[in-house]
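Below is one structure, written out as structure tokens; comments come after it.
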Amino acid sequence: MVQALDEYDIQPDLPQALRLLDEMNNNFKQVSDLVGNMLQRVKTGELSTEYGLNFLEIKYHMLLNYLINLTYVVLRKCSGHKIEKDPSIDRLIEIRTVLEKIRPIDYKLRYQIDKLVKTAVTGASVADDPTSFKANPANLMSQLPETAGADGDSGSGDESDDSAKVLQKLRKAKAAKAGLGKPETSSTGEVYVPPKHMAVPYEEESKSDRARKQMERARKRALGSSLIQELKEEYLDTPVEISSSSRALQKLSRKEREREEYEEKYLTRLPITKADKHRSRKLTTLGTLGDELTSFGDISALDDELPSSSASKGGKKRKAPKGGKKHGKKRRFR
Numbered sequence: 001m002v003q004a005l006d007e008y009d010i011q012p013d014l015p016q017a018l019r020l021l022d023e024m025n026n027n028f029k030q031v032s033d034l035v036g037n038m039l040q041r042v043k044t045g046e047l048s049t050e051y052g053l054n055f056l057e058i059k060y061h062m063l064l065n066y067l068i069n070l071t072y073v074v075l076r077k078c079s080g081h082k083i084e085k086d087p088s089i090d091r092l093i094e095i096r097t098v099l100e101k102i103r104p105i106d107y108k109l110r111y112q113i114d115k116l117v118k119t120a121v122t123g124a125s126v127a128d129d130p131t132s133f134k135a136n137p138a139n140l141m142s143q144l145p146e147t148a149g150a151d152g153d154s155g156s157g158d159e160s161d162d163s164a165k166v167l168q169k170l171r172k173a174k175a176a177k178a179g180l181g182k183p184e185t186s187s188t189g190e191v192y193v194p195p196k197h198m199a200v201p202y203e204e205e206s207k208s209d210r211a212r213k214q215m216e217r218a219r220k221r222a223l224g225s226s227l228i229q230e231l232k233e234e235y236l237d238t239p240v241e242i243s244s245s246s247r248a249l250q251k252l253s254r255k256e257r258e259r260e261e262y263e264e265k266y267l268t269r270l271p272i273t274k275a276d277k278h279r280s281r282k283l284t285t286l287g288t289l290g291d292e293l294t295s296f297g298d299i300s301a302l303d304d305e306l307p308s309s310s311a312s313k314g315g316k317k318r319k320a321p322k323g324g325k326k327h328g329k330k331r332r333f334r
């Protein structure tokens, strides 16, 4: 009965499994041919791997190890062996964690990698590349002959020497760009190399992203409110921290501790604004006790709503109309 039930469960999935195995065999043949061709080109020196990105090399090695371990796990499962407490499972978890952690680095290098790949495929830089629109120092050179300024009035000795040095450097740069020769080094043996900054496309933040970030800040502020902390202490199994001060005073002392650590680390004094002074003076009084117990507007973000307390505080008072007539009769005295 059990065997018949197993055959009944396997029968619908059998054609799909066979089709997937055929696709795997075809893809395996294509990958084998491609990798063999690339290895042959690398051995003959047609493809150079000397100036590659180390980040991509590490990433591809980890992906290869991940596929090897994954194939080994599939082989053991198809062979009927147990995979419980197998070292390959731990290796898969470790590699997957590292790949998830390096994803932000991969995102930052995506523009540079795409540009290098496009240049390698086409063999030339793109015409609308932002890095190509840079200043050309050779255009600042004078188009007049060198003897043209000999008949004019000579200035001071320092100014003429500086101008000659600048012109000499510009001529060397122009000659090096035209391929006429290698620029000569100065008397100190050093050649000035301007810094190269890689252009990165600007991604404008949309309204939905701003609303999402605002909601996240409101939710984080709501989770750190005194009411939520009291509920956590009451219903969770975590140990309760007994303190003689309120949540607001604890938050203020934590900020003061962070300020002191920053000042001690960087040996500098941070300015204290009037708002900070007013906030610390207000928390030291008993006037904020009622606000701590009756303030529920800061937890409305947990219901996917923005805090309504800020909207209520921003309202304006109605002003009485000026010059209006007083209603009612005047009281007479007899």
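The sequence shown begins at 1 in the UniProt record's numbering and counts up one residue at a time.
For each residue, glycine too, the CB sits at the ideal point set by N, CA and C.
- Around the beta carbon of S225, a 10 Å sphere encloses 16 or more other beta carbons of the protein chains shown; the residue is thus reported as buried.
- With respect to L92, N69 sits close: the two C-beta atoms are nearer than 7 Å.
- Contact between R269 and E263 holds, since their C-beta atoms are separated by about 6 Å, short of 8 Å.
- Separation of Y72 and D114 (C-alpha to C-alpha, rounded to the nearest whole angstrom) is 33 Å.
- Counting only the Cα atoms, L109 lies some 42 Å from Q250.
- Contact between the segment 93-112 and the segment 47-66 is established, with three or more Cβ pairs separated by less than 8 Å.
- With respect to the 7 Å criterion, V200 and Y60 are not classified as neighbours on the basis of their beta carbons.
- Within the segment 49-116, the runs of alpha helix (DSSP H) at least 4 residues long that lie entirely inside it are, in chain order, 54-79, 87-101, 103-108.
- Between the alpha carbons of S208 and M215 lies a gap of roughly 10 Å.
- One alpha carbon belongs to K165, the other to Y266, and they sit about 42 Å apart.
- For Q214, the enclosing alpha helix (DSSP H) starts and ends at 207-223.
- Sixteen is the threshold: since fewer than 16 other Cβ atoms of the shown chains lie within 10 Å of the Cβ of A120, the residue is exposed.
- Exclusion of the five residues before and after V35 leaves no residue of its chain whose Cβ lies closer than 8 Å to its Cβ.
- Nearest neighbour of P271 by Cα position, chosen from L63, E23, R259, L227, turns out to be R259.
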